[in-house]
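Take a look at the structure below.
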Amino acid sequence: MTVVWLNKRNWRHPGPIVNMAVHNAHSFTTAGVESHFVVGAGDESDTSADLRGFYGLQPAPEFHVHRVPLGRRGAKSTTSLPVFLQARRLALDLARSDDVAVFCRDSSFLPFLALLCRHPRIRGFYELHDFYADHSWREGKIPFGHHREKWLEHFFLPRISGLVCITSEQQKLYQSIFPNMPSLARSLGTKPFAETDPETRRRARTVFYVGHMSGAKGVSFLLEAAASLARRGIRTEFCGGYEKNAVRIRAHAEKEGIASMVRAEAFRPPAELHQALAERGSLGVVMLADTFYNRHLTCPVKALDYLSHGMPALGTPLPSVTEVLGPSGHYLEEGNVPAFVEAASALLDDPAAYARACAAARTRAAELTWTRRAEALLAFAQSLQD
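Structure below.
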């Protein structure tokens with residue numbers, strides 16, 4: 000079986016979406032199959048060098064990146080149609096000599112995916128990152144775009160081969176709407192790095208937050224805790240979002256008199272982020288607020304990043320968090336800053352406890368690798384062959 004994975008955004012697009020797509024597509028080569036990744040071209044650059052230096056991945060003969068210039072739609076906007084057409088052509092061409100599994104997360108591609116699934120040698124799968132099929136959980140006015148997503152899902156999902164859910168709770172929700180639809184629940188993957196000395200990591204005494212800078216993701220909580228952590232000799236580091244977010248955090252730290260104990264940077268290329276985690280990270284933070292989306296629909300990539308480095312993580316006991324961290328997680332109720340500070344201090348002040356926590360994180364990371372995810376997706380796709 001050959002895999003085609005596509006994403007409508009540009010190559011090297013900031014943030015986790017394209018990064019996760021690249022890792023998804025690349026992981027199939029580590030599982031022993033040929034994989035093609037179709038993506039917007041982005042600015043001109045050397046693709047192999049980008050894989051190494053930007054995404055932290057090794058080029059492989061079985062991994063093919065197809066960078067497609069986006070079309071123009073008016074003076075300022077672009078269209079992803081060229082990416083979709085290239086993915087369709089590629090899948091049909093590959094199906095002449097092999098079975099093909101096509102994966103995407105872009106709802107605009109669903110009409111193309113449904114047509115491809117009519118081919119006897121092509122299976123099409125939609126990776127879900129929300130729950131548009133039923134809007135009853137949403138608060139306030141529902142945007143028109145959400146209604147469009149709902150229509151696309153109700154019309155086209157029954158016409159494709161299967162669904163890939165990123166949490167078990169999400170799978171249950173979609174099974175309630177599409178009870179006869181084949182589905183698989185599997186978190187996104189870890190990329191275990193070389194083991195570092197736990198004692199060196201502990202002595203760094205740095206709590207890391209990685210990801211979007213929205214309050215519901217835990218950044219506001221950690222910002223509130225930063226002063227108390229600083230009094231315990233614990234640094235706080237934020238990495239993600241835009242420069243304006245980093246400026247706001249640095250200004251807050253300056254106002255609180257803890258600027259020397261707080262570091263904030265905007266989004267960095269994945270390879271640079273992992274270098275920072277390897278060099279300075281002691282503990283990770285996954286203190287998600289208890290919202291419907293956070294509880295049921297998100298796979299916290301930050302937790303996977305921490306696990307990849309054997310870094311213990313503190314998080315709220317939401318299903319989405321416990322599904323990733325598992326028994327390696329250190330769980331605390333939402334909003335309890337004193338308990339969080341005490342838990343972080345207890346780990347960082349006890350070398351033996353910290354070493355055990357690092358070992359548990361590495362064990363959990365080995366269970367959630369990108370390769371294991373690719374193997375599960377391949378088995379799912381092959382189970383649906385006629």
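Counted from 1, the sequence shown has number 145 at position 146 by numbering that gives the first Met the number 0; the numbering is strictly sequential.
Virtual Cβ for every residue (Gly too), placed ideally from N, Cα, C.
With distance defined between alpha-carbon atoms, name the residue in the options nearest to residue i.
i: H251; options: L172, C238, A225; result: A225
i: A263; options: A277, S281, A270, T235; result: T235
i: T195; options: S281, E322, L69; result: S281
i: I16; options: D45, R231, R104, F192; result: R104
i: E322; options: R185, M310, L221, L5; result: R185
i: K243; options: S213, E255, A258, K254; result: S213
i: G232; options: A358, A345, A365, A359; result: A345
i: L115; options: F143, L377, G161; result: G161
i: R279; options: R204, D289, G334, L331; result: R204
i: G31; options: S47, L221, L377; result: L377
i: L324; options: D45, K301, R72; result: K301
With 16 other CB atoms within 10 Å as the buried threshold, where does residue i fall?
i: Q169; result: buried
i: F387; result: With the chain running from 0 to 385 in the structure shown, residue 387 is simply not present.
i: L272; result: buried
i: T199; result: exposed
i: N179; result: exposed
i: G123; result: buried
i: K7; result: buried
i: G144; result: exposed
i: H134; result: exposed
So for residue i, helix, strand or coil by DSSP?
i: F177; result: coil
i: G123; result: strand
i: C357; result: helix
i: F237; result: strand
i: H12; result: coil
i: H145; result: helix
i: K7; result: strand
i: Y292; result: helix
i: F266; result: coil
i: G325; result: helix
i: H22; result: helix
Tell me which residues share the same chain as residue i and place their Cβ nearer than 6 Å to its Cβ, disregarding the 5 neighbours each side in the sequence.
i: F27; result: V2, S34, A373
i: F83; result: F108, F111
i: F291; result: W136
i: I390; result: Because the chain is modelled from 0 through 385, residue 390 falls outside the range shown and cannot be assessed.
Express the C-alpha separation of residue j and residue i in angstroms, rounding to a whole number.
i: L390; j: P181; result: Outside the displayed span of the chain (0 to 385) sits residue 390, for which this structure offers no information.
i: F102; j: E152; result: 15 Å
i: P394; j: D49; result: The shown model of the chain, from 0 to 385, leaves out residue 394, and the question about it has no answer.
i: P316; j: V218; result: 17 Å
i: A458; j: G328; result: The requested residue 458 does not occur in the structure, where the chain is confined to residues 0 to 385.
i: Q274; j: L303; result: 15 Å
i: R51; j: Q57; result: 6 Å
i: E126; j: A375; result: 14 Å
i: R361; j: L306; result: 6 Å
i: H25; j: A351; result: 37 Å
i: A265; j: F207; result: 13 Å
i: P60; j: Q381; result: 23 Å
i: E223; j: L347; result: 19 Å
i: M286; j: H146; result: 30 Å
i: V261; j: N18; result: 26 Å
i: L313; j: G70; result: 44 Å
i: D97; j: H295; result: 36 Å
i: V99; j: F155; result: 19 Å
Could you check whether the Cβ of residue i sits closer than 7 Å to any heavy atom belonging to the ligand MN?
i: E152; result: Because no ligand of any kind appears in the structure shown, any question about the ligand MN cannot be addressed here.
Spatial neighbours of residue i within its chain, please: C-beta separation below 8 Å, excluding the five flanking residues on both sides.
i: V67; result: V37, V38, G39, A40, P81, V82, Q85
i: A94; result: H118, R120, I121
i: R267; result: C238, A275
i: S167; result: A184, P318, E322
i: R371; result: G188
i: L221; result: V206, Y208, T235, F237, V284, M286
Quick one: residues in its chain with C-beta nearer than 7 Å to the C-beta of residue i, no 5 flanking neighbours on either side, listed in chain order?
i: A132; result: K149, E152, H153, Y173, I176
i: I257; result: A225, A226, A229
i: R87; result: F111, L115
i: T77; result: L69, G70, R71
i: A359; result: P326, S327
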